[in-house]
Amino acid sequence: MRIVQLANFYGPRSGGLRTAVDQLGAGYVARGHEVILVVPGAAPGEEVLPSGVLRITRPARQIPMTGGYRAVDPRTTADIAEALRPDVIEVSDRLTLRGMGAWASRRGVRSVMISHERLDRLLGQVLPASLARTFADVANRRTAQSYDAVVCTTAFARREFERIGADNISQVPLGVDLDMFHPSRRAEGTRSRWHGSAQRLLVHCGRLSVEKRVDRSIDSIAALVDSGEDVKLVVAGDGPRRAGLERRARGLPVEFIGFVDGRVELASLLASADVALAPGPHETFGLAALESLATGTPVVVSSSSALADIVTAECGGHFDDTAAGMASELMRVMDLAPGARRIAARTRAEEFGWPASVNGMLDVLEYGRLVDPPLSWGHGGEGSTGVRRREGTRGAAAAACGGAGDALAR
């Protein structure tokens, strides 16, 4: 197949979406397909990535107050797609590129939309809940009607489409690079570099935007310090709220290190932390949290997000969307036996590999649905990822986490 991936909110620092698009594209190429990715940028360009994907960059203006995101004019995107003559388009933008579904239908081209966010939750940040739900339902109904298939990564993300009775929804979990994000990246040198004299190192990795609720991570540190805990928080990431968050953290053991460009450095930071924080209540998958788990670091997450379906009490915890609740859960997780919590974290992450995600997406791209869903991809009920545990991963995770893990696994 010639697969054309379209993504407007894709840039050098766009985090999870860029990771997902790149990993899926690389997987498609590895299975013999031709992949072309069209993205916005400051200047035009064409580049064959190491994965074999041809990335076409088209000039686009920055969108105000988004921290540097750009968006190619949909008409330009349509013209490029026309020239590329795809067999199928994969769209990762529910806002500016939703109309590409109708474009594809008129030309007999298959179309798939990946839903990377919960629209009702995002609108709910600026609108009353009932109004946000109404607007989201209208937009989602049009999306489902325009595309051959819509892919959601979790049951949490799927619910807003089930609410409107859409029947062309497939659930394909995203994955994590289990080789890059590995417990072996843990290094005392990295720990001492970041935590200084503090006994416990916490990390928040993600974009510094309002929906990520970095303020709750900062406020939980204040609560821990007030209770006498010797902790330090490292915030890895950048975004439009950085200046305000730095003011909020003044006087607290919080260090902002900006966007971490190197994946090895990021993996080492995550592996060297005691606990990772993911307080965003609207996460539909949360790749940074999954990368933390893969390194053997437990994660404390919002009970309102899809991550609450992924993180168990053994490999992290859930909190009630308050700073006090987050601080309490952080204490519980930090009090777990270090070897046991690291084994549990790695074990959970091993259920989410990119190869299975790629296979599932190729089913949807070619046939509009999952042809033969693996046993680990059940539909999932309320509060479920739809992923069941694989047998035999605990021993592998114990080996990955080292000698202490071997002893605890027995």
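Using my numbering, you'd call the opening residue of the sequence shown number 26 and step up by one each time. Ideal Cβ placement from N, Cα and C applies to all residues, glycine included. Just so it is clear, the structure is predicted and the values come from calculations on it, not from any experiment.
Cβ-Cβ distances below 7 Å link Gly-350 to Phe-344 in the same chain, with the five nearest sequence neighbours on each side left out; the list follows chain order.
About 20 Å separates the beta carbon of Glu-308 from that of Ala-292, a gap too long to meet the 8 Å contact definition. Residues Gly-231, Gly-305 of the same chain have their beta carbon placed closer than 7 Å to that of Lys-237, with the five preceding and five following residues left out of the count.
Secondary structure note for Ile-368: its alpha helix (DSSP H) is the uninterrupted segment 363-374.
By the Cβ criterion, the region 369-387 is in contact with the region 316-332, since at least three pairs of Cβ atoms, one from each stretch, lie closer than 8 Å. DSSP places Leu-302 inside the beta strand (DSSP E), whose first and last residues are 300-303. A Cβ-Cβ contact shorter than 7 Å links Ala-352 with Ser-245. Taking all protein chains shown into account, Pro-380 has fewer than 16 neighbouring C-beta atoms within 10 Å of its C-beta and is therefore exposed.
Between the alpha carbons of Thr-101 and Arg-357 lies a distance of about 52 Å. In this structure, Ala-182 and Arg-143 form a Cβ contact; the two beta carbons are roughly 6 Å apart against a cut-off of 8 Å.
The region 218-228 makes contact with the region 281-300, as at least three CB pairs between them are under 8 Å.
For Gly-269, the enclosing alpha helix (DSSP H) starts and ends at 267-273. Looking at the backbone, the Cα of Asp-47 and that of Ala-169 are separated by about 24 Å. For Phe-344, the enclosing beta strand (DSSP E) covers residues 341-344.
Just so you know, the alpha carbons of Thr-215 and Gly-221 end up roughly 10 Å apart. The DSSP-derived three-state label of Pro-198 is coil.
Looking at the DSSP output, His-141 sits in no beta bridge, so it has no partner there. In this model, His-207 and Leu-294 are separated by some 11 Å (Cα to Cα). Gly-70 sits exposed, since fewer than 16 C-beta atoms from the chains shown fall within 10 Å of its C-beta. Just measuring C-alpha positions, the residue of Thr-347, Glu-339, Leu-318 sitting nearest Glu-375 is Leu-318. Residue environment: Tyr-35 is assigned as buried (16 or more neighbouring CB atoms within 10 Å of its CB, all protein chains considered).
Around Glu-354, the same chain offers Val-325, Gly-342, His-343, Phe-344 as residues with beta carbons nearer than 8 Å, after the five sequence neighbours per side are excluded. A direct Cα-to-Cα measurement between Thr-82 and Gly-66 gives close to 6 Å. For Arg-183, DSSP records no beta bridge to any residue. For Phe-310, the three-state secondary structure derived from DSSP is coil.
Under the Cβ criterion (8 Å, minimum of three pairs), the region 195-204 counts as touching the region 380-391.
Between Ile-243 and Val-285, the CB-CB gap reaches or exceeds 7 Å. Cβ contact annotation for Ala-303 (same chain, cutoff 6 Å, sequence separation greater than five): Gly-311, Ala-314, Val-324, Val-326, Leu-332, in chain order. Contact check for Asp-112 and Leu-31: beta-carbon distance about 14 Å, past the 8 Å limit, so the pair fails to qualify. For Asp-145, same chain residues with a beta-carbon under 6 Å away, outside a window of 5 residues either side, are Ala-157, Arg-158, Ala-161, Glu-185 in chain order.
Listed in chain order, the non-local C-beta contacts of Ala-247 below 8 Å within the same chain comprise Leu-277, Ala-348, local neighbours out to five positions each way being set aside. When rounded, the separation of the alpha-carbon atoms in Arg-394 and Ile-189 is 19 Å.
Exclusion of the five residues before and after Ala-85 leaves Pro-65, Arg-95, Ala-96, Val-97 as the residues of its chain whose Cβ lies within less than 6 Å of its Cβ. Rounded to the nearest whole angstrom, the CA to CA distance from Tyr-392 to Pro-99 is 26 Å. In this structure, the CA atom of Ala-108 is about 34 Å from the CA atom of Arg-288. Under the three-state reduction of DSSP, His-220 is assigned to helix.
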